[in-house]
Amino acid sequence: MTLTLHNTLTGHKAPFVPLDPTCITLYVCGPTVYNYVHIGNARPVVAFDVLFRLLQRLYPKVIYARNITDIDDKIMKAAADAGEPISAITDRFSAAFEEDMRALHALPPTIVPHATDHVDDMIAMIETLIGKGHAYAAEGHVLFAVESMPDYGKLSGRSLEDMLAGARVEVAPYKRYAGDFVLWKPSSDDQPGWESPWGRGRPGWHIECSAMIGRHLGPVIDIHGGGQDLIFPHHENEIAQGCCAHGTEYVRYWLHNGYINIDGEKMSKSLGNFRLVRELLKRYPGEVLRFALLSAQYRSPLNFSEELLEQAASTLDSLYYALLGRDAAIIPEPGYQLPDGHPLIQALCDDLNTPEAISVLHRIAGALNRAAPEEKPHLKAELLAAGAMLGLLEAEPSAWFQRAKPGGNAGENAGEDALSADAIDALIAARRDAKKARDFARADAIRAELDAAGIALEDTREGTRWSRK
106 MTLTLHNTLT
116 GHKAPFVPLD
126 PTCITLYVCG
136 PTVYNYVHIG
146 NARPVVAFDV
156 LFRLLQRLYP
166 KVIYARNITD
176 IDDKIMKAAA
186 DAGEPISAIT
196 DRFSAAFEED
206 MRALHALPPT
216 IVPHATDHVD
226 DMIAMIETLI
236 GKGHAYAAEG
246 HVLFAVESMP
256 DYGKLSGRSL
266 EDMLAGARVE
276 VAPYKRYAGD
286 FVLWKPSSDD
296 QPGWESPWGR
306 GRPGWHIECS
316 AMIGRHLGPV
326 IDIHGGGQDL
336 IFPHHENEIA
346 QGCCAHGTEY
356 VRYWLHNGYI
366 NIDGEKMSKS
376 LGNFRLVREL
386 LKRYPGEVLR
396 FALLSAQYRS
406 PLNFSEELLE
416 QAASTLDSLY
426 YALLGRDAAI
436 IPEPGYQLPD
446 GHPLIQALCD
456 DLNTPEAISV
466 LHRIAGALNR
476 AAPEEKPHLK
486 AELLAAGAML
496 GLLEAEPSAW
506 FQRAKPGGNA
516 GENAGEDALS
526 ADAIDALIAA
536 RRDAKKARDF
546 ARADAIRAEL
556 DAAGIALEDT
566 REGTRWSRK
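Numbering (the numbering used here), first residue to last: 106 to 574.
Spelled out as structure tokens, the structure:
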């Protein structure tokens, strides 16, 4: 199978040709850990998790690094506002991020480098840039001299003049050129800092990723992913640092996911329409959020809304119902793997075309619903294997339908009066005993009681199944 990817650097889609086919290197920018992450932060994690799964399918080894930025002025402010040590803030929100991403079925990266563990690497890289004439020290700061790189701006496609006109740049007397960006800055006594050749200080944001990539993945890597908002200045400046320090190219393929809009409006702090993953997970399973994020191709903008989440939940219900079937004794064909030319693999190899991949899931589920009993084990296995490539259909089908649903009679909004699974099972057992005793009035009354509590029953050859409405 040929994997094609849209490379932001070239502006078009092309076949992926790795540096070393025996070991693929992938880096994705992770969070700055000073608060809980919002759904926009989750989109690159989910999108590039699908890429990670696909690369693992196509190549023998993949090294995937996703960093944690645990030193930043925003973190310092959050710690000061909370009256806590910076480490308490970063530890808490790093753990929360990892927990939220596990709930979205994201696989753990191969490496999770933390910026504060790589300050020596950053200092060494800055010294290299100074030695090669691409950076200079001034008043305790070290700045990258953007005019020293002839093709600076090649990722965003902007000239220096355009970038200055459209960006908020700090005009400081120690800068040789207004567009020069900070590699190192001084720290006061009450700020975190490290000793360096330029005095006690801390790194700039952009140097962190470049140094961590150099340490763990090498001077040149195959793929770098992140949100569209990072193209300039962050990724543009990463390229400048990496290319100028190593004298080589830096990243072969740049991938960027599109923005998320909330109910048709751009998600922004000024509008107050952020949707925290942690809050959404209180109302929806992580798989519903994941499905919603995959419903659009990763480079396209995505309108995130309650309607989208309800559609995602409904679609997953239909897929899980196909797996559940009416005969629980039918088990998936053991050891099944999707063949190389499978339509779902083809869809993902076309620049992660997840909408088409979801269409393939629908086609398999439809075939499973119509299949003769002897065909069902193969189709069940095919649906599960196809879902696994997207990080979907990982729940036990019966448990999926027995989950609490937002807004339903048995949902989280129902409070302490919602029937527990044990109580439901006890009522179903009582209904079964009543039917055996031919007390059909009692059996009907129990069914009506469960229905009023938002519990639907389905009588099958294996017994009675229940699900929450």
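For glycine and all other residues, C-beta sits at the position ideal for the given N, C-alpha and C.
Run through DSSP, which three-state label would T130 get? Numbered from its first residue, the sequence shown carries residue 130 at position 25. When secondary structure is reduced to three states using DSSP, T130 falls in the strand class.
Nearest residue (CA-CA) to S525, options A491, E479, R573, K374: As a working note, residue 525 is residue 420 in the sequence shown. The residue with the shortest Cα to Cα distance from S525 is R573.
Let me check understanding here. Comparing Cα to Cα, which of Y169, A316, I168, L429 lies closest to G471? Numbered from 1 along the sequence shown, position 366 holds the residue referred to as residue 471. Ranking the options by Cα distance to G471, first place goes to L429.
Write down the C-beta distance between A397 and L386 rounded to the nearest angstrom, noting that I regard them as a contact closer than 8 Å. Sequence index remark: in the sequence shown, residue 397 carries index 292 (1-based). Sequence index remark: in the sequence shown, residue 386 carries index 281 (1-based). A397 to L386, Cβ: 13 Å. No contact.
Just confirm the distance between the C-beta atoms of A211 and V382, as a whole number of angstroms; I'd bet it's less than 8 Å. Residue mapping note: residue 211 aligns to position 106 of the sequence shown, counting from 1. Residue mapping note: residue 382 aligns to position 277 of the sequence shown, counting from 1. Not really, about 11 Å apart at Cβ, beyond 8 Å.
Please return the same chain residues whose Cβ sits closer than 7 Å to the Cβ of D154, not counting the five positions on each side in sequence. The residue labelled residue 154 in the question sits at position 49 within the sequence shown. Cβ contact annotation for D154 (same chain, cutoff 7 Å, sequence separation greater than five): A211, L212, G496, in chain order.
With DSSP collapsed to three states, give me the class of H143. For this step, residue 143 is matched to residue 38 along the sequence shown. Looking at H143 - three-state DSSP - the assignment turns out to be strand.
Where V67 falls, given that 16 or more other Cβ within 10 Å makes a residue buried: The requested residue 67 is not part of the displayed model; the chain covers only 106 to 574.
For A519, which residues of its own chain have a beta-carbon under 6 Å away from its beta-carbon, when the five flanking residues on both sides are left out? Here residue 519 refers to the residue found at position 414 when the sequence shown is read from its first residue. Note that A519 scores 41 on pLDDT, short of 50, meaning its location in the model is unreliable; the coordinates nonetheless yield the value given after this. Nothing meets the Cβ criterion.
Start and end of the beta strand (DSSP E) containing H117? Locating residue 117 in the sequence shown gives position 12, where the first residue counts as 1. Its beta strand (DSSP E) spans residues 117-120.
E354 versus N474: straight-line alpha-carbon distance, rounded: Working through the sequence shown from its first residue, we reach residue 354 at position 249. Working through the sequence shown from its first residue, we reach residue 474 at position 369. About 51 Å.
Let me know the secondary structure DSSP gives E563 once reduced to three states. Along the sequence shown, read from residue 1 onward, the residue named residue 563 stands at position 458. It is a strand residue.
Please name the residue in D205, I194, L484, M181 whose C-alpha comes closest to that of E384. Locating residue 384 in the sequence shown gives position 279, counting from the first residue. Nearest option by C-alpha distance: D205.
Starting from K290 and walking both ways along the beta strand (DSSP E), at which residues does that stretch end? By one-based count along the sequence shown, residue 290 stands at place 185. Note, K290: beta strand (DSSP E), 286-291.
Taking DSSP's pairing of strands, which residues face W359 in a bridge? Residue 359 sits at position 254 when you count from the first residue of the sequence shown. W359 pairs with H329.
With contact counted as at least three CB pairs below 8 Å, one residue from each stretch, are the segment 163-175 and the segment 132-141 in contact? Enough Cβ pairs lie closer than 8 Å, so yes.
Tell me the rounded alpha-carbon separation between A534 and G492. Locating residue 534 in the sequence shown gives position 429, where the first residue counts as 1. Locating residue 492 in the sequence shown gives position 387, where the first residue counts as 1. Approximately 34 Å, taken between the alpha carbons.
Exposed or buried, what is F249 when buried is set at 16 or more other beta-carbons lying within 10 Å of its beta-carbon? Locating residue 249 in the sequence shown gives position 144, counting from the first residue. Flag for F249 reads buried.
For my contact list, V287 and G309 are in at a C-beta cut-off of 8 Å; report their separation, rounded to the angstrom. In the sequence shown, the residue the question calls residue 287 occupies position 182. In the sequence shown, the residue the question calls residue 309 occupies position 204. Right, their Cβ atoms sit about 4 Å apart.
Is the Cβ-Cβ distance between R536 and I551 less than 7 Å? Against the sequence shown, residue 536 aligns to sequence position 431. Against the sequence shown, residue 551 aligns to sequence position 446. A contact, by the Cβ cut-off of 7 Å.
Just the Cα atoms here: how many angstroms apart are L251 and C349? The count along the sequence shown starts at 1 and reaches residue 251 at position 146. The count along the sequence shown starts at 1 and reaches residue 349 at position 244. The sequence given here places Val at residue 251; Leu does not occur at that position. Roughly 10 Å separates the two Cα atoms.
S572, DSSP secondary structure in three states: Locating residue 572 in the sequence shown gives position 467, counting from the first residue. Three-state result, S572: strand.
For Y426, does the three-state DSSP call read helix, strand or coil? Here residue 426 corresponds to residue number 321 of the sequence shown, with the count starting at 1. Reduced to three states, the DSSP call for Y426 is helix.
Go ahead and pull the three-state DSSP assignment for I354. The count along the sequence shown starts at 1 and reaches residue 354 at position 249. The question names Ile, but residue 354 is Glu in the sequence shown. In the structure shown, E354 sits in coil (DSSP, three-state: anything other than H, G, I, E or B).
Please state whether DSSP places F379 in a helix, a strand or coil. Along the sequence shown, read from residue 1 onward, the residue named residue 379 stands at position 274. If DSSP states are grouped into helix, strand and coil, F379 belongs with coil.
Is there contact here, the segment 327-342 with the segment 356-364, by at least three beta-carbon pairs under 8 Å? yes
Does the Cβ of M227 have 16 or more other Cβ atoms within 10 Å, making it buried, or fewer, making it exposed? The residue labelled residue 227 in the question sits at position 122 within the sequence shown. M227 is buried by the Cβ-count criterion.
For E392, count the other beta carbons within 10 Å of its own beta carbon; 16 or more makes it buried, fewer makes it exposed. Which is it? Numbered from 1 along the sequence shown, position 287 holds the residue referred to as residue 392. Per the 10 Å Cβ criterion, buried.
Straight-line gap, G446 to M106 (C-alpha atoms, nearest Å): Counting from one through the sequence shown, the residue named residue 446 turns up at place 341. Counting from one through the sequence shown, the residue named residue 106 turns up at place 1. If I take the Cα positions, the gap works out to 7 Å.
Of the listed residues P444, L424, A539, nearest to F506 (C-alpha basis): Within the sequence shown, residue 506 is the residue found at index 401, counting from 1. Nearest C-alpha to F506: L424.
Is the CB-CB distance between R380 and H143 below 7 Å? Reading the sequence shown from its first residue, position 275 is the one you call residue 380. Reading the sequence shown from its first residue, position 38 is the one you call residue 143. In contact: R380 and H143 (Cβ atoms closer than 7 Å).
According to DSSP, is L110 helix, strand or coil? Within the sequence shown, numbered from 1, the residue matching residue 110 stands at position 5. Correct three-state label for L110: strand.
Separation of H339 from D285, as counted between CA atoms: Mapped onto the sequence shown, residue 285 falls at position 180. Mapped onto the sequence shown, residue 339 falls at position 234. For D285 and H339, the distance between alpha carbons rounds to 13 Å.
From the DSSP output, in three-state form, read off N474 for me. The residue you call residue 474 lines up with position 369 of the sequence shown. Three-state DSSP puts N474 in a helix.
With distances taken Cα to Cα, identify the nearest neighbour of A476 among D222, I435, H117. By one-based count along the sequence shown, residue 476 stands at place 371. The shortest C-alpha separation from A476 is found at I435.
Simplified DSSP state of R508, which is helix, strand or coil: Looking up residue 508 in the sequence shown gives position 403. It is coil, neither helix nor strand.
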